[in-house]
Every structure is written in structure tokens, then in C-alpha cells.
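Written below as C-alpha cells is the structure these notes are about.
Residue numbers (this note's numbering): 200 to 886.
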């Protein structure tokens, strides 16, 4: 029947293939059988033909039209099982089957043609409305679904009633036209209400009754209906006697099984009424009145009992889900490797309501029947828990110290709030050992920080004719940068190094490097000091696969002459007061740990000149380029003179703001200028 229809997610109906009818691709599941599309359609059309023929054949003499019309329900049921694009094709098939039967029943050809058009319109309108925009098989899950179905059935059958009545009137039979208006809508709605639900997507309500009980309910209900409508020769209103058995069947059978039972009851009631038996006997109370009462009875049992069936099914499904959810919660609660408690908090106490085995192992008092949380954890822990609960929006996590010294990592969440008490759930782990290890590690870090800070120069010595500036900001608690300033006549020694990496390892290696440099006499040449320190550190650097960039400067206090060794550092600057230039001094030598020989360079500081050593963290602060850093140094000197501390503070002002930045370190040494050159105007002439 054309393109494939997506499988119904509720009924797991397979897709309808493009050649569904020709190849016999399975389309419908009924019980355990798969029915090919072609077989299904043929079977439905045969059922339609039989129902139409029987309705017309058993029409009593006092009526112009049949008393009930199950064919409307069969036709609509066929239509809703396929996509809307095939509705007209199916409607034509229904018309083709119905037309010859109407001719056989004695209807004139024009009237028969008009009636089959009305039947087709009824089927098409009902199908299109029921399948909806999503174009899927309508479902019957809730009372709302049933109400929507009955409303659409009423709309489509009303159209049929109007068209059929007009056809009878135009054919010269006004009495039949009036009768059709009076009874046609009801009998068509009843036919749809009884038979179409069998082909709608049903609920997955679990059947409560077994096979024997199901047969028993069917026999009891149909037997009662037989007694009321076949063996009852009076007009006593005994139709209500069928309700006890129908209600019992409603509570125990599935919705589809109930629909089958209702079809049986409706068939018995219709047959009895036609042959003049039961409370709706047509020959005793009149054809129109009897048909109206019969169809009202059929519609009432469908509406009431299917609604009850759907409500019962929904309640049982909800109850089943709640039970399954509770079982899953209980299993998860008990099987959790974390300690779990359900506790009730009153105005003054926390009381344990439920505990899993892990919680009983962690809190032995639970095995002894203790239920007060303060006695289990300690009042101080409960006080902290209360503070967290008072500010709780959804859930919170905190560390609790128990009275016995253990540490618990606790998560708390609200389950239910009531006026007098609140139910909480607590999840907790014993983290005493990890917490102690963490505290020990933190203590070790703090000691390393203290050691590293202690190794930094203290108050810089006052050296006539010379001023200093220093700054160091580690990227983490412990940094890999270091600097040193030593003064011993006749020399001043500056050093600045940067260990590859950050953190604890880099900090320890930085301290070791500084110590190795300090172990040498300040009067030794820079190249000799760097070479000797490299020999001391070589084994450690090889083991951890690290290296150190280093600048080491030795300055003569009296003359301003300086010598320096650059081990791959390259961030050694001289600010010239007279010319206003910033000179970068560097070599091509390798860092310590990668090279084994360092040459020595020399120059001289004139009065007012300044040496500046910085780490690559300072370079990053100024855009990562040497030109940018040199411009910043010149701008700073131009604005602040050559005060070394002012220059260092300016260059390092934004240390720590870069995401995942490097350590930031700088050290500066300035030679005092002659009186003639110490005016503010001269100091601002740089750049």
C-alpha cells in the first residue's frame, strides 16, 4: 500500500512495505499471529459484507432501515490501520462491497449509489480525524482517548445521517428519511463504538485473569445477556442485570477482551429486540423507540465500561510502576557501596528511619538499635549538618568530623517536607585515611613553600651608590623561578633562573639550583660558577629529564664593570640613562642540563644605568614578544625614572592574572648617577 508506515511505538506494529499487499509483508499482530496486509484487508471486507447482509436481511418489517449497523465500525477500523493517503482507496473498496449488497436487499440503484457515497464519506472523515496530524494509528490508552474517539464518531455519523436522509427523501421515501434522522446516527455510532476499538492501539494493561477465568467471565456475561434479551418475554427493564457481570469482566479482562465481550452482548441484545424479546422488543414498544433504546444501551455500556477499564488499567499500571520503582530504590539503597541513611529531622532531633548495610558497618551503633543521629555521629557533626540543611535548596555536600575522629564525606538531599518534620537522605563515605594523607601532603607543601621563601634574599643590603628592585610571584603555591642578590666587597652578584615546569618539582629544583650557585665564592667568574653548578646538578637533571635557564651577573661595585654568563635565558637588559636605550644582552649558550660550556661576556654600567633580569613569565605579561617587553621597560623608565623597584613593580603588576600563567620574577640593580644627571628631567629623557 505504498510507502512504509513507521512502526507504532506502543504496539510494535511492523512497517508496511511499498509492496505490502503484493508480497504479503506482515502488518498486524493479533495475539501470536502475524497477518499479511492483503489477507487482513480481504478478511475485513468479507466481515463488512457479512455484517451488512445480515443487518439488511434481519431488518424487521416495521422498520424502513436496519436496527443496527456494525458495518460502520468495521469500515472505520479498516481505515485507521493504514496511512491517510490510502483512505480513499479503502473507501472505494468498502463502497464496492456494499453497493451490490444494497441492490440485493432491494434498494434502487440510485438510492444504493447515494448510500454508499454516504458510507464512504463517513469512513473518510472518521479516518482522517482519528489518525490526526501525525498520521498514526489512533490509540486507546486513557478516558480522554475514548472521549475523542466517540466525539469523532459522532461527527462522521452525523454527516452520514444527513446524506442518507437526503438520499431517502430524494428517492421519494420521506418516512425512511425521517427514520434515518432519528436512528441512523445512533446505530452507526454504536457500531463504531463496539467494533472500532478492537483495531485501535490498545493499552498495555496486564491481563489479570487466566484463560479459564477469561472463558468463565465470557460465559457468565453472555449467559446473563441471553437470559435478559432472549428468554425474557416481558418488557421489564432488566437490562441492568447485565452490568454486574460486565463490571466483573471489566476489572479482570484486558480492554480488547472486554470489547469482544461487549460486541457479544450487543449482538444478543439486537437479535432479541428484532425478534420481539427482551426489554427493547421492537414489535411491542415500536421500531423507532426500540432502536433508540437499544442503541442508547449499547453506547452506555461501551462508554461506561471502556472508561472504567481504561481507568483501572491506568491505576494498575501506575501501581505497578510505583512498586517497581520502590523495589529498584530498595535494591539500590541496600546494594550501595556508600553508606546511606534516610533520616527524619524534627525541631530538635535527627532520627534515622532506614539504613543500608554499609551504613551499619560504618556506624556500628545502628546495629545496637541507636537511631538518634547525634549519638551516632556526634553533636558537633549534627550541628554542621543542620546548618547545611537550613540553607539547602536541592542538595549539598560537606565534610563532617565525627566525635570519634573519623572524617565523612557527606551528601545530603531533601526527599519530602512536612510541617512538623523533613525527610532527608544522606550518602557518605569514610574518608579518614585519604583526608589524613591530604593533610600531610598539604603540610609538606607548606613546608616546601616556607623553605623556598626562606631561601629568598631577606632585606637587601644597603650599598652606597647602588639600589635594588626585586619581585617574584609563583604561578602556583610553589614556583620554579628563583633569584638571588649577594653583596660582598668588591662585587655584587645577581642571579635569576627558571626551571622547566611549575609546581612542587620545579620549586624543589629551583631551591637546589640556587643553593648550588650560592655555594661558590662571589669572586669566581660567572662562567666558572655556572659550569661548576651544572656539574653539581647534572645527575638530578638527567633523572627527571629537566633543564634550567639561568642568568648570572657579577658587578664591580667601584667601576660598574660587570661580567655575565647566560645559560639559555636571554632576558638580560641594560637601561642606558644617557642615551635612553634599552639593550638586551644574551648569548647562544644552552640551558643548564642541556649544555656543558658557557662563555663569559662583559660590559660596563655608567652612572645612572640599570641591569634588569626577568623570567619568561614577565615576557608573557607583555604579549610574549621581546619588542613588546623592551617597549614596556623603556616606557616605565620614562615615566618613573630608573628607580629599580618602581620598574620591577610596573613590569610585574599583572602577575597572576593570566590563565595557567608562568611564574613571574624580576630583579634590577641600578648604579647611582652623578649629581648633574640625577635631575628628574634627565631621568625622563629615556626613549
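Glycine included, each C-beta is placed from N, C-alpha and C at the ideal position.
* Of the listed residues 865, 321, 608, nearest to residue 632 (C-alpha basis) -> Residue 632 sits at position 433 when you count from the first residue of the chain shown. Per the Cα distances, 608.
* Asked: Contact between the region 311–321 and the region 483–496: three or more CB pairs below 8 Å?
  -> no
* Asked: With distances taken from CA atoms, which of 453, 435, 380, 377 is nearest residue 409?
  -> As a first step, residue 409 must be located in the chain shown, where it is residue number 210. Taking only the C-alpha atoms, the option nearest residue 409 is 453.
* **Close-in-space but distant-in-sequence residues of the same chain around residue 407 (CB under 6 Å, 5 per side omitted)** => Counting from 1 along the chain shown, the entry for residue 407 is found at position 208. Correct list, in chain order: 451.
* Asked: Quick check: the region 819–838 against the region 705–722, are there 3 or more CB pairs under 8 Å?
  -> no
* **CA-to-CA distance, residue 512 to residue 401, given in whole angstroms** => For the purposes of this step, residue 401 is identified with residue 202 of the chain shown, where counting begins at 1. For the purposes of this step, residue 512 is identified with residue 313 of the chain shown, where counting begins at 1. C-alpha separation (whole angstroms): 11 Å.
* **Segment contact flag, the region 611–629 with the region 537–547, C-beta cutoff 8 Å, min 3 pairs** => yes
* To do: Using the Cα positions of residue 861 and residue 605, report the straight-line distance between them to the nearest angstrom.
  => For the purposes of this step, residue 861 is taken as the residue at position 662 of the chain shown. For the purposes of this step, residue 605 is taken as the residue at position 406 of the chain shown. Roughly 39 Å separates the two Cα atoms.
* **Top-ranked residue by Cα proximity to residue 696, from 864, 539, 243** => Against the chain shown, residue 696 aligns to sequence position 497. Residue 696 has its Cα closest to that of 864, out of 864, 539, 243.
* From residue 572 to residue 519, what distance separates their C-alpha atoms? -> Position 373 of the chain shown, counted from the first residue, corresponds to residue 572. Position 320 of the chain shown, counted from the first residue, corresponds to residue 519. Their Cα atoms are separated by approximately 34 Å.
* Asked: Alpha carbon to alpha carbon, what distance is there between residue 639 and residue 733?
  -> To locate residue 733, count along the chain shown from 1; it is residue 534. To locate residue 639, count along the chain shown from 1; it is residue 440. If you take the alpha carbons of residue 733 and residue 639, they lie about 33 Å apart.
* Name the two residues that bound the continuous alpha helix (DSSP H) containing residue 273. => Within the chain shown, the letter at position 74 stands for residue 273. Counting along the chain, the alpha helix (DSSP H) containing residue 273 begins and ends at 270–279.
* Sequence-distant residues of its chain with Cβ nearer than 7 Å to residue 711 (five each side left out) -> Sequence index remark: in the chain shown, residue 711 carries index 512 (1-based). Closer than 7 Å at Cβ, skipping near neighbours: 736, 739.
* If you scan the region 296–367 from start to end, which runs of the alpha helix (DSSP H) of 4 or more residues do you find wholly inside it? -> 308–330
* Throw me the rounded Cβ distance for the residue 355 and residue 321 pair, which I believe falls under 8 Å. => For the purposes of this step, residue 355 is taken as residue 156 along the chain shown, with counting starting at 1. For the purposes of this step, residue 321 is taken as residue 122 along the chain shown, with counting starting at 1. That belief holds up - the Cβ atoms of residue 355 and residue 321 are roughly 5 Å apart, short of 8 Å.
* Report yes if the C-beta distance between residue 683 and residue 814 is below 7 Å; otherwise report no. => Taking the first residue of the chain shown as 1, we reach residue 683 at position 484. Taking the first residue of the chain shown as 1, we reach residue 814 at position 615. Not closer than 7 Å, so no.
* Asked: So, residue 791 versus residue 764, is the Cβ gap smaller than 7 Å?
  -> Here residue 791 refers to the residue found at position 592 when the chain shown is read from its first residue. Here residue 764 refers to the residue found at position 565 when the chain shown is read from its first residue. No. Outside cutoff.
* Going by alpha carbons, who is nearest to residue 476 out of 773, 425, 457? -> Counting from one through the chain shown, the residue named residue 476 turns up at place 277. When each option's Cα is compared against that of residue 476, the closest is 425.
* **Buried versus exposed call for residue 517 [16 or more other C-beta atoms within 10 Å across all chains shown]** => Position 318 of the chain shown holds residue 517. Label assigned to residue 517: exposed.
* May I ask which residues mark the beginning and end of the alpha helix (DSSP H) holding residue 699? => For this step, residue 699 is matched to residue 500 along the chain shown. From DSSP, residue 699 is part of no alpha helix (DSSP H); its letter is neither H nor E.
* Asked: Between residue 579 and the rest of its own chain, which residues show a CB-CB distance below 8 Å, the 5 nearest in sequence each way excluded?
  -> By one-based count along the chain shown, residue 579 stands at place 380. Only 600, 602 meet the Cβ criterion.
* Element boundaries [alpha helix (DSSP H), containing residue 455] -> Sequence index remark: in the chain shown, residue 455 carries index 256 (1-based). 454–473 is the span of the alpha helix (DSSP H), which, as asked, contains residue 455.
* **Residue burial classification, residue 179 (beta-carbon count within 10 angstroms, cutoff 16)** => Residue 179 cannot be examined here, being either before or after the span of the chain that is shown, 200 to 886.
* Give me whichever residues DSSP pairs with residue 662 in a beta bridge. => Counting from one through the chain shown, the residue named residue 662 turns up at place 463. DSSP lists 665 as partners of residue 662.
* Pick out the complete beta strand (DSSP E) segments inside the region 531–574, 3 residues or longer, and give them in chain order. => 538–544, 549–554
* To do: Report yes or no: do three or more beta-carbon pairs, one from the region 373–387 and one from the region 416–430, lie closer than 8 Å?
  => no
* To do: Just tell me which of 589, 291, 495 has its CA closest to the CA of residue 439.
  => Reading the chain shown from its first residue, position 240 is the one you call residue 439. When only C-alpha atoms are compared, the closest one is 495.
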